[in-house]
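**Student:** Handing you a structure now.
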Amino acid sequence: MPDSRKFLHPEAIKRISRLELRARHIVEGFLAGMHRSPYFGQSIEFLQHREYTAGDDLRNVDWKVWARQDRLYVKQYVEDTNLRCTLLVDVSNSMQYGQGSLNKYEYACTIAGSLAYLILRQQDSVGCWTFDERIRVRVPGRTKRNHLFSIIESLSVQKPKDKTDMYGILRAAAEELPRRGLMVLVSDLLTDPEGTLRGLKLLRRRGHDVLVFHVMDDDELDFPFSGPMRFDGLESMDHLNCNPRALREGYLEALGAFLDTVRRGCAKNTVDYALIRTSQPLDAALATYLSSRLGMHHRN
Amino acid sequence: MQFVHQALTWGFLLVLLPLLIHLINMLRHRRVHWAAMDFLLQAYKKHRRWIWLKQFLLLLLRVFAVALLVAMLAQWVTRGQWLNLFGGRATHHYVLLDDSFSMSDRAGGASAFELGLQAIQRIGAQAANEDTLQKFTLIRFSRAARLADLIGDDASVAEIADFNAEIVAPNFDVILEQRRNTFEVTDLSIGPVAALAAVQRLVEDSIDENRVIYVVSDFRANPWDSPMEVREKLRDLEQSPANIQLVSCAATMRQNLAITDLQPAQETQAAGVPLLVNVTVRNFGPDTARNVQLNVRTTFFDSDSPLVENPAQGSGRIDEMPTVLIEEIEPGQSVTRRVQAYFPRPGRHVVEATLPDDAVAADNRRWCVIDIPASESVLIIDGSPEQRHAYFLASAFRPGGRANTGILPEIKAPDFLRDASPQVLQDYHAVFLLDVPRLDDRAIENLELYATAGGGVAFFVGPEADLDFYTQRLFRSGTGIFPLPVQSEDFLPPDDFREAPDIVFSDHPVFEVFSGERNPLIRLITVQQYVRPPVRWKPDPDSTVQIAASLRNQMPLVVERRFGEGRIMAFLAPVEPGWTNWGNDPSFVVVALKLQSYLAAGRRDFDSRPVGTPIVVSLEVDKFRQDLQFIAPGDTPETRTVIDRSAARASADSPIMSAAIGQSLIDGQIQTDRSGIYEAWPVTTSGQADVRRFALNVDPQGGDLRLVDSRDLLNALSPVKAEFRSAEEFTYELAGLGGSNRSLLLMGLLLILLIAEQALAYSASYHPTPRKT
Chain X
1 MPDSRKFLHP EAIKRISRLE LRARHIVEGF LAGMHRSPYF GQSIEFLQHR EYTAGDDLRN
61 VDWKVWARQD RLYVKQYVED TNLRCTLLVD VSNSMQYGQG SLNKYEYACT IAGSLAYLIL
121 RQQDSVGCWT FDERIRVRVP GRTKRNHLFS IIESLSVQKP KDKTDMYGIL RAAAEELPRR
181 GLMVLVSDLL TDPEGTLRGL KLLRRRGHDV LVFHVMDDDE LDFPFSGPMR FDGLESMDHL
241 NCNPRALREG YLEALGAFLD TVRRGCAKNT VDYALIRTSQ PLDAALATYL SSRLGMHHRN
Chain F
301 MQFVHQALTW GFLLVLLPLL IHLINMLRHR RVHWAAMDFL LQAYKKHRRW IWLKQFLLLL
361 LRVFAVALLV AMLAQWVTRG QWLNLFGGRA THHYVLLDDS FSMSDRAGGA SAFELGLQAI
421 QRIGAQAANE DTLQKFTLIR FSRAARLADL IGDDASVAEI ADFNAEIVAP NFDVILEQRR
481 NTFEVTDLSI GPVAALAAVQ RLVEDSIDEN RVIYVVSDFR ANPWDSPMEV REKLRDLEQS
541 PANIQLVSCA ATMRQNLAIT DLQPAQETQA AGVPLLVNVT VRNFGPDTAR NVQLNVRTTF
601 FDSDSPLVEN PAQGSGRIDE MPTVLIEEIE PGQSVTRRVQ AYFPRPGRHV VEATLPDDAV
661 AADNRRWCVI DIPASESVLI IDGSPEQRHA YFLASAFRPG GRANTGILPE IKAPDFLRDA
721 SPQVLQDYHA VFLLDVPRLD DRAIENLELY ATAGGGVAFF VGPEADLDFY TQRLFRSGTG
781 IFPLPVQSED FLPPDDFREA PDIVFSDHPV FEVFSGERNP LIRLITVQQY VRPPVRWKPD
841 PDSTVQIAAS LRNQMPLVVE RRFGEGRIMA FLAPVEPGWT NWGNDPSFVV VALKLQSYLA
901 AGRRDFDSRP VGTPIVVSLE VDKFRQDLQF IAPGDTPETR TVIDRSAARA SADSPIMSAA
961 IGQSLIDGQI QTDRSGIYEA WPVTTSGQAD VRRFALNVDP QGGDLRLVDS RDLLNALSPV
1021 KAEFRSAEEF TYELAGLGGS NRSLLLMGLL LILLIAEQAL AYSASYHPTP RKT
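What follows is the structure, encoded as structure tokens:
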């Protein structure tokens, strides 16, 4: 691991209280760790030639080279797009859970801020919605650098509460954002998976590229509890007194089924899905984002 | 339910502890606000029942574990039947101690009996050290034999057991040592069967125990050589079930001589007549015994002056007889020597024989009490009115002058038999019927009654005898007193060349004077005429009829049979010369005396009975006082024991009252278990003592010190699985023999329970696991 990455750990990030500083720190640290950009896209800045392979867009074929050498090459450019990205950040009560350095909500906000910073740094447009059972704040997409503060402000002032209505949110996003763009959903997805998948499907149908950051705490994924415990529902009045170790196997089984459903549903709808632990370094989300961007170009 | 430490039973309240901890845990749980509640509830609904069951089992196991721990510390000694499943029962030690006189064999400083006692002491001491319930029963062979012989089947074994299911306390070894110091070797020779039978009865009454049966004995060839009955008893006990331990107290066989027989010879016994006494010595040792000194002494009691005032003081006059030297006795062989005693006056006198000390002392002494009468009365019934036959017998019995045969003949006519009462006839030692023609029914009845009771009868059949009467009434097809049917008189053709004697004698005590083929006396006797049986008559092989002498023409001349207890001899020729010259021959005197001795054997009284036999004295109510004394022998005359008894009648109108010793245990002892001379001192109403003596002797076979081989014994006892071990190295191993130690059992159970608890707790996920990183 490059030395710079050690500053991307949640423990380190937690010490930075201001979110915009966190975002800058993460993105700068992330980029400093990259030796060269592996991402290629449509731009006016030519990068290199590559031999044509079946499936490549014929528009990218360099006909001049063909005329001279009688060989098919495609031209590759440094990425340069006019991206419209909307960050959909779940701020419901369930996101408040977290025993580690950052809880899910903080982690999600940090991811959103970092992405916003990264996108704005690339001269692209970024907006942000926060929601629980309904949309709390809408920050429309802008390309200005100082737009970051608006986004971060929208994230930081939210007091998460109530249940998540994922389908309703995604449907609203599909309807209110008709122009095709990138939808980044940052959530723990602890709601009806069918509704979530239907919403994602709707977004895809409207032409959006969708990237899902599934933020889960280690406790939720590993269920390491022991000793007599009482579990109170964050989004419900349910509670349970139990020996957690006795339930661990059943819990993990149910969770595994849930994750499997979500993962399969995303794959089926060509939605990029990344399960992220709150204990993971935050650059993983950025790496996933960039990888997803590349995938989008490939799909396009 | 019993506990050694009752106070610790309060600890059972601790079983509430797991319940309390469980309840407290339910109250002090950690609280977590949880997002993924749906998955948790889903898992809970799915596994709820199984989780509850595991928790319940876990709680139960913890409660049991605490209860077991408390029970272990309090030392649970409950004998509940369900504990059989776990082997946690009481251990009962049944010790059977052989106290036969062979156990007195002393090799290497300690006798076999002492070695056995030491082994028993170790068993008791180690049982006392155990922390589980131990019970101890000790039965001596001699007392077990009393159970069967004297007390009866209804008696309780507890009466004969030295220890009966006694709970072994920590100080039990001290109690056992005190008690065993009173144990002594008896003069009895008893096998283990009675003791095993006694244990069988105890075992039947007790259940729920681990049994260890120890047979502590010297395991001599007698009675262990062919232990069929022992095997059956042991097998029954083993199936009860029980662990069988054979503890051997003797390792070597040493030289041992025993006097196996001491009794007067078949000769006339009368005051003033020399008495021949046969003494038989047997060599039970492994080596030839040489120059064995046999001492015989007589004790003469003057019946005219018994000391009524002090019966315990010996009043006899002891005469030491010259030592008899037996040059050699081969191993396993017996040698009989005849010594001559003399008692000048009638009475119940004693003959005692002793051998030098060897391995076992009890069989080196033997006694017999001989009732010497003033004379032996003989009844002679002469068929001839002139009594010409009786003359020859009377002359033989009373030769006159200073010669004393001890025989007092009385000559009577045949009608005496008819008129005499049976009691009168009983006073005669023998009855001779000389050519009696016939007898009436009353006489036949009296005669047969007399013979049945042990009287001897001799018939001399001559010309006056009614042969049909003899055959029809006296022989009665073999059921009567006469030994053979007679058909007719016959002549023995003369043998001019005298190649063979007229009479051929068989090997019979009456005719031993003629023993030897070249005996000249035989040829002096001639027979011309005789009475013969039917031609085809032969003695029935299944009957007691045998031919004692026959003629040279193979016809019987003297025929003998047993009738009841009596001996009957029929001479098929008269005494009076005419048919034979025997009456005039000197050999007839010898034969007459021998015949009288032989016939009177059943009438002679000498006493020698096995040690341990009860002594019963019957007394006429109108002649004797009720109180009497018995005197048991001691090591010396001064240590004799006086036992007071009161005679009792069997029924209120009975003319006979009786008193006895040796029929029950008195102060834990059998009063006739010591060999020697016992005396009964009944006193007549006129104040005269009528002293009666009894000789109680050891069983000579008890001196057979051959040891049974342990492997042979175990094979003979198969399929009984017994362990054969030496008393010197015998130590008691509880874990191996008596079952599980209860504390250890509880500890084992506790361990298993705790392992199960841990496994269940792990299964129920109560064990923390390292958190994944």
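Quick mapping for you: the protein sequence lines, in order, are chains X and F. Residues in the first sequence are numbered from 1 upward in steps of one, following the working numbering. Residues in the second sequence are numbered from 301 upward in steps of one, following the working numbering. The C-beta atom is built at its ideal place from N, Cα and C for all residues, glycine as well. Predicted, not measured: the structure shown is a model, and the values here were computed from it.
#1: Give a yes or no on contact between the stretch 575-594 of chain F and the stretch 682-702 of chain F, applying the rule of three or more CB pairs nearer than 8 Å.
#2: Taking CB distances under 7 Å as the criterion, tell me whether X/Val166 reaches chain F.
#3: Thinking just about the alpha-carbon of each residue, which of F/Asp663, F/Trp350, F/Leu320 is nearest to the one in F/Arg1131?
#4: Hey, X/Ile151 and X/Cys128: beta-carbon distance below 7 Å or not?
#5: Within 10 angstroms of its Cβ, does X/Asn146 collect 16 or more other Cβ (buried), or is it exposed?
#6: Given a cut-off of 7 Å on the beta-carbon distance, is the pair F/Leu433 and F/Ala390 in contact?
#7: If you draw a straight line from the C-alpha of F/Gln1081 to the C-alpha of F/Thr972, how long is it?
#8: Would you verify that the beta carbon of F/Leu1034 is, or is not, closer than 7 Å to some beta carbon of chain X?
#9: Does DSSP put X/Gly127 in a helix, in a strand, or in coil?
#10: Which parts of the stretch 123-207 of chain X are runs of the beta strand (DSSP E), unbroken and 3 residues or longer, counting only runs that do not cross its ends?
#11: Should X/Pro281 be flagged as near chain F, meaning a C-beta pair shorter than 7 Å?
#12: Beta-carbon of X/Asn269 versus every beta-carbon of chain F: anything under 7 Å?
#13: Excluding five sequence neighbours on each side, which residues of the same chain lie with their C-beta closer than 6 Å to the C-beta of F/Pro527?
#14: Cutting at 8 Å between CB atoms, please list the residues of its own chain near F/Ala1064, excluding the five before and the five after it.
#15: Mapping the DSSP letters down to three states, classify X/Tyr117 as helix, strand or coil.
#16: How many Å lie between X/Asp70 and X/Tyr289 at the Cα?
#17: Tell me the start and end of each unbroken beta strand (DSSP E) in the stretch 682-714 of chain F that is at least 3 residues and wholly inside, in chain order.
#18: Quick one: any contact between the stretch 475-489 of chain F and the stretch 998-1011 of chain F, if contact means 3 or more CB pairs under 8 Å?
#19: Counting only the same chain and skipping the five closest in sequence on each side, list residues whose C-beta sits under 6 Å from that of F/Ser523.
#20: Rounding to the nearest angstrom, what Cα-Cα distance links F/Glu876 and F/Phe692 in this structure?
#21: Nearest-angstrom Cα distance between F/Ala873 and F/Gly754?
#22: Going by DSSP, which residues form a beta bridge with X/Met216?
#23: So for F/Asp922, helix, strand or coil by DSSP?
#24: Skipping 5 residues on each side, what residues in its chain have a beta carbon closer than 8 Å to that of F/Leu851?
#25: Among all the DSSP beta bridges, which residues are the ones paired with F/His649?
#26: Can you pull the chain F residues whose beta carbon is under 9 Å from the beta carbon of X/Glu220, in chain order?
#27: Pull the bridge partners of F/Arg590 from the DSSP assignment, please.
#28: If I'm right that F/Ser1085 touches F/Ala570 with Cβ under 8 Å, what's the distance once you round it to whole angstroms?
#29: Distance cutoff 7 Å, beta carbons only. Does F/Lys435 sit that close to anything in chain X?
#30: Nearest chain F C-beta to X/Gly98 closer than 7 Å, yes or no?
#31: For X/Phe7, decide whether its Cβ has a neighbour in chain F, counting only Cβ atoms nearer than 7 Å.
#32: Report yes if the CB atom of F/Arg867 is closer than 7 Å to the CB atom of F/Thr844, and no otherwise.
#33: Mind pulling the chain X residues with CB within less than 7 Å of F/Arg331?
#34: State the DSSP-derived secondary structure class of F/Asp561, mapped to helix, strand or coil.
#35: Mind listing, in chain order, the continuous alpha helix (DSSP H) runs of no fewer than 4 residues lying wholly within the stretch 966-1007 of chain F?
#36: Give a yes or no on whether 7 Å exceeds the smallest Cβ distance from X/Asn241 to chain F.
**Tutor:** A quick look at the data gives this:
#1: no
#2: First, the residue type needs correcting, since residue 166 of chain X is Met and not Val in the sequence shown. No, X/Met166 lies away from the interface with chain F (no Cβ there is under 7 Å from its Cβ).
#3: Residue numbering for chain F in the displayed model covers 301 to 1073; residue 1131 of chain F lies beyond these limits and cannot be assessed.
#4: yes
#5: exposed
#6: yes
#7: Not covered by the structure: residue 1081 of chain F. The range shown for chain F is 301 to 1073.
#8: Unreliable positioning characterises F/Leu1034 in this predicted model, as indicated by a pLDDT of 44, which lies under 50. The coordinate reading is nonetheless provided below. It does not; no Cβ of chain X falls within 7 Å.
#9: strand
#10: 125-131, 135-142, 182-187
#11: no
#12: no
#13: Ala1016
#14: Ile351, Lys354, Gln355, Leu358
#15: helix
#16: Answer to the nearest angstrom: the Cα atoms are 38 Å apart.
#17: 707-712
#18: Pairwise C-beta distances place the stretch 475-489 of chain F in contact with the stretch 998-1011 of chain F, as three or more of them are shorter than 8 Å.
#19: Sequence inspection shows Pro at residue 523 of chain F; the Ser mentioned does not correspond to that position. Closer than 6 Å at Cβ, skipping near neighbours: Gly491.
#20: 7 Å
#21: 25 Å
#22: X/Arg277
#23: coil
#24: Leu792, Asp802, Ile803, Val804, Val827, Tyr830, Leu857
#25: F/His649 is bridged to F/Ile670.
#26: Trp334, Ala335, Ala336, Phe339
#27: F/Glu628
#28: A query on residue 1085 of chain F cannot be resolved here, the shown segment of chain F reaching from 301 to 1073 and no further.
#29: No, its Cβ sits nowhere closer than 7 Å to a Cβ of chain X.
#30: no
#31: Summary for X/Phe7: the model assigns pLDDT 44, below 50, so the residue's position carries little reliability; its value from the coordinates is reported in the next sentence. No - not a single Cβ of chain F is within 7 Å of the one on X/Phe7.
#32: no
#33: Those within 7 Å of F/Arg331 in chain X are Arg230, Asp232.
#34: If DSSP states are grouped into helix, strand and coil, F/Asp561 belongs with the strands.
#35: Segments of the alpha helix (DSSP H) lying fully in the stretch 966-1007 of chain F: there are none.
#36: yes
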